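Only one structure is covered here, and it is reproduced in the block below.
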Amino acid sequence: MAAAVPLMVFLSVDHSRHPAGVWVGKPLPPGNVTPRLIVPEGAGSLGAAWFLAPDGSLWNWGKWRLGWNNSLGIGAIPQRFGSDTHWVKVAEAGFAVLGLKDDGTLWSWGWNQQLGPGTALNLAPTRIGAETNWVQMAAGWDHGLALKNDGSLWAWGLNDHGQLGDGTTNHRPNPVLVGTDKDWEAIAANSIASFALRTNGTLWAWGQIAGKIELAPRQLNADTNCVAIAACTDELLVLKSDGTLWRRPRIWSSSQAHLTQIGTGRDWKQIDTGPGGHSARKQDGSWWVCGLASDAPQPVPYGFDPWGLGLGDQTTVVLTKDGALWSWGNRLGSEPSLARIKIQDILARIERRWPSLGHFFPPKIGVFELEVDKTPHRLWELPAEVRRSLAKEELLAGAAST
712 MAAAVPLMVF LSVDHSRHPA GVWVGKPLPP GNVTPRLIVP EGAGSLGAAW FLAPDGSLWN
772 WGKWRLGWNN SLGIGAIPQR FGSDTHWVKV AEAGFAVLGL KDDGTLWSWG WNQQLGPGTA
832 LNLAPTRIGA ETNWVQMAAG WDHGLALKND GSLWAWGLND HGQLGDGTTN HRPNPVLVGT
892 DKDWEAIAAN SIASFALRTN GTLWAWGQIA GKIELAPRQL NADTNCVAIA ACTDELLVLK
952 SDGTLWRRPR IWSSSQAHLT QIGTGRDWKQ IDTGPGGHSA RKQDGSWWVC GLASDAPQPV
1012 PYGFDPWGLG LGDQTTVVLT KDGALWSWGN RLGSEPSLAR IKIQDILARI ERRWPSLGHF
1072 FPPKIGVFEL EVDKTPHRLW ELPAEVRRSL AKEELLAGAA ST
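The numbering used here applies: residue 712 is where the sequence shown begins, and numbers increase by one.
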């Protein structure tokens, strides 16, 4: 079988034109939800990509695709996950998924473990608590963070590295209050660490930080102009109020306290990250990407102008404004051996929880034997039901404004 093609190989292409076969049609109405694409790590997590559509519906595909029929399988194209159209945020938490609805309720599904009601496999979303005032949520590896509309910070899940920030290493199956402050504004998490911004622009962290376990939030540096954060693997991405982009590398082990600037631009306005690298949007609307530990942002490959963008470490997925999904790298759902998936998922889980053990594992040879797209492959497009919903929302918005 063909070998996997790393994401950043594609950054050397000619950006002046689309390659043959890539065509973008008329843009669709924007909808009420910002589209979100979550692409899995090569062999870790559930191996399922998640797509939050602009009408608030959820879709997924890939290996071990979660369905409503109490079965798991391999899906090569997105399949609808339930009938709900009220989702506004979704995040993957290792072997579980967290979701936030527009009514302020919080949900989880998958191998919940400590992330939701019960400890078994839940294939359908299960509500977490009875509160209706959640406004943000973030997911690490088996732990979750959430903010309420009063600015309070909550955490739950596994806590073996202090990643919940409640002063203990006790696992918490339900959200617990982190401190008593109510000035938290943004949150992010990676495998065994958590991060948050206060309304005064300061950056805080807890969990496995710089080789030590921090049981409660501590200020990471002296900056007071941070406005957005994103985290993945062992890196932290930060956007400052002056439009500059920064990162903190090797957050688990490095003693480096300061942030390192990415590029020299001062016109960034939005950030995101994934297993395959960081993405950032400029004031002119263009999206740029860079690899983990890289300081050189480049335009999204092939001249794409994304509506949504997901960066896996072996797969890239782009949602274009006409509602089409394009993919290159490993084609999700084409994995020939579930036995290899299960073995490698176990190793990936161990390595992410205890990074120092990674060098004891054998090389990952023959694991990523998926079908590989070396140029963009038109994977799928938003179905008629979603397109009708977006058109209806646009008509209602137009009527309300007259």
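Ideal Cβ placement from N, Cα and C applies to all residues, glycine included. Predicted, not measured: the structure shown is a model, and the values here were computed from it.
**OP:** Grab me the residues of Gly922's own chain with a C-beta within less than 6 Å of its C-beta, minus the 5 sequence neighbours each way, in chain order.
**Re:** Ser964
**OP:** Express the C-alpha separation of Trp798 and Leu1127 in angstroms, rounding to a whole number.
**Re:** Only positions 712 to 1113 of the chain appear in this structure, which leaves residue 1127 out of reach.
**OP:** Decide if Lys885 is buried, meaning its Cβ has at least 16 other Cβ atoms within 10 Å, or exposed.
**Re:** Note that residue 885 corresponds to Asn in the displayed sequence, not to Lys. So Asn885 counts as exposed.
Subject >> DSSP state of Gly1109 mapped onto helix, strand, coil >> reply: helix
Subject >> Contact test: Ala759 Cβ vs the ligand NAD heavy atom, cutoff 6 Å >> reply: Of ligands this structure carries none, so the ligand NAD is not represented either.
**OP:** Using three-state DSSP, classify Pro1074 as helix, strand or coil.
**Re:** Reliability of the predicted coordinates at Pro1074 is poor, the pLDDT of 48 falling under 50, and no value is obtained from them.
Subject >> CA-to-CA distance, Trp1039 to Tyr1149, given in whole angstroms >> reply: It is not possible to answer for residue 1149, since the shown part of the chain is limited to 712 through 1113.
Subject >> First through last residue of the beta strand (DSSP E) which encompasses Lys886 >> reply: Here residue 886 turns out to be Pro, not Lys, going by the sequence shown. Counting along the chain, the beta strand (DSSP E) containing Pro886 begins and ends at 883-888.
Subject >> Supposed contact pair Thr745 and Ser768 - C-beta distance, whole angstroms, cut 8 Å >> reply: The Cβ separation is near 14 Å, so there is no contact.
Original post:
If you run the structure through DSSP and keep just helix, strand and coil, what is Ala921?
Top reply: coil
**OP:** Measure the beta-carbon distance from Leu970 to Arg959 and round it to whole angstroms, keeping in mind my assumption that it falls under 8 Å.
**Re:** 5 Å
Original post:
CB Lys993 to CB Pro738, shorter than 7 Å?
Top reply: no
Original post:
Should Asp877 be labelled buried (16 or more other beta-carbon atoms within 10 Å of its own) or exposed?
Top reply: buried
Subject >> Beta-carbon proximity list for Gln930, same chain, < 6 Å, skipping 5 on both sides >> reply: Thr913, Trp915
**OP:** Within 10 angstroms of the Cβ of Trp734, are there 16 or more other Cβ atoms? Answer buried if so, exposed if not.
**Re:** exposed
**OP:** Compare the C-alpha of Pro1087 against each of Arg747, Trp979, Ala1035, Pro741 and name the closest.
**Re:** Ala1035
**OP:** Could you name the residues of the same chain whose beta carbon sits closer than 7 Å to that of Gly985, not counting the 5 residues immediately before and after it, in chain order?
**Re:** Val750, Cys943, Gly1021, Leu1022, Gly1023
Original post:
What's the C-alpha gap between His872 and Asp853?
Top reply: 12 Å
**OP:** Ignore the nearest five residues each way along the sequence and tell me which others in Arg909's own chain have a CB closer than 8 Å to its CB.
**Re:** Asp892, Asp894, Trp895, Glu896, Trp915
Subject >> Span of the beta strand (DSSP E) around Thr1086 >> reply: 1083-1092
Original post:
Do Thr1026 and Leu1043 have their C-beta atoms within less than 7 Å of each other?
Top reply: yes
Subject >> Ser1100 classed as buried or exposed, judged by whether at least 16 other C-beta atoms fall within 10 angstroms >> reply: buried
**OP:** Please classify Lys812: does DSSP put it in a helix, a strand, or coil?
**Re:** strand
Original post:
In angstroms, rounded to a whole number, what distance separates the CA positions of Gly664 and Glu803?
Top reply: Residue coverage of the chain in this structure runs from 712 to 1113, which leaves residue 664 outside it and unanswerable.
Subject >> Beta-carbon contacts of Trp1018 that lie in its chain and below 7 Å, excluding the five residues immediately before and after >> reply: Pro746, Leu1030, Thr1031, Lys1032
**OP:** Closer than 8 Å by C-beta to Cys937: which residues in its own chain qualify, once you throw out the five before and the five after it? Chain order, please.
**Re:** Leu908, Gly912, Thr913, Leu914, Val949, Leu950, Lys951, Ser952
**OP:** Measure the alpha-carbon distance for Trp865 versus Ala849 and round it to whole angstroms.
**Re:** 11 Å
Original post:
Can you tell me where the beta strand (DSSP E) with Glu946 in it begins and where it stops?
Top reply: 946-951
Subject >> Proximity test, Cβ basis, 7 Å: Gly1021 and chain E >> reply: Absence of chain E from the displayed structure is noted, only one protein chain being present.
Subject >> Residue range of the beta strand (DSSP E) that includes Arg747 >> reply: 747-749
Original post:
Hey, would you say Val846 sits closer than 7 Å to Asn833, going by beta carbons?
Top reply: no
Original post:
In this structure, what does DSSP give as the bridge partners for Val1000?
Top reply: Ser990, Gln1009
Original post:
Can you list, in chain order, the residues of its chain whose CB lies under 7 Å from that of Arg961, leaving out five sequence neighbours each side?
Top reply: Asp945
Original post:
Looking at C-alpha atoms only, which residue of Lys980, Phe906, His989 is the closest neighbour of Asp995?
Top reply: Lys980
Original post:
When the Cα atoms are used, what is the spatial distance from Arg1098 to Leu947?
Top reply: 36 Å
Original post:
Helix, strand or coil: which one does DSSP assign to Val1097?
Top reply: helix
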